[in-house]
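Following: one structure in structure tokens, then a few remarks.
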Amino acid sequence: MGQKRTLGVVVDSSGAHRRDLDARDRVLATAMKMLGEHGYSKLTIGGVAAEAGVGKATLYRSWPNKAALVLDVIRGELRDVPTEDLGDSRAEMLALASQALGQFYGSERIRTVLPALVGDLSEDSALRQRLWEEIVEARKKQSMTVMERALGRGDLPADTDVSLVLDMWAGTMLFRALFSADAMDDETIERFVDATIASPPRTGGSQPVG
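Each step along the sequence shown adds one to the number in my numbering, with nothing skipped, and position 68 is 54.
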């Protein structure tokens, strides 16, 4: 019997592997399109397979369920979290807000699928948990590197609630992506970061008394 085909990992871009890479890209693009059109609850592995022209069994070997497939779709839209030490906290925070958050929430494809996906998250606790742990929390942990470096340099007060800062940035951009026709542009992101540096939220236990 021949080797069973999988689209989860592509070793190189030659021969059969090139074909698998093309099929994987086609599957992810199809899943993104169908997610925006029908929402997560009505998305099926079989429907994606048929639309993408790929065997259903092949998809199941690559993605054991539709949650795994959708998480890969979202990962495909994410840029790496910029954590390089530039020697300048403001520049690092601008890169973080723009590249890790602004470009993701400004993506037309993400802005198309977000309303349907967010609506279904309230009904699917397993997907919500995986999305939170595997994407949101994982990227937030990477982002903390930049914020902690700013604390260490004294560019943010020692009692700055950096976790809340990141939540505020992401929450504002998510709100704009869901309800506004316009994504947050670079100038607005710059003003947002400058406002954070000028007056960051503080941890409750460290507030001065009297």
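Ideal Cβ positions, reconstructed from N, Cα and C, are used throughout, including at glycine.
When only Cα atoms are considered, I60 and V122 end up about 11 Å apart. With distances taken between CA atoms, V151 lies nearest to T189 out of T189, M170, E119. When the five nearest sequence neighbours on each side are left out, the beta carbons in the same chain lying within less than 8 Å of the beta carbon of D141 are those of S75, R76, I183, in order along the chain. Residues of the same chain with a CB within less than 8 Å of the CB of E176, apart from the 5 flanking positions on each side, are L80 in chain order. In the same chain as W155, and ignoring 5 residues on each side of it, the C-beta atoms closer than 6 Å to its own belong to A83, L87, in chain order. By the Cβ-count criterion, T146 is buried, with 16 or more other Cβ atoms from all chains shown falling within 10 Å of its own Cβ.
When DSSP states are grouped into helix, strand and coil, T189 belongs to the coil group. With respect to the 8 Å criterion, S166 and D106 are not classified as neighbours on the basis of their beta carbons.
Between the alpha carbons of D172 and P101 lies a gap of roughly 23 Å.
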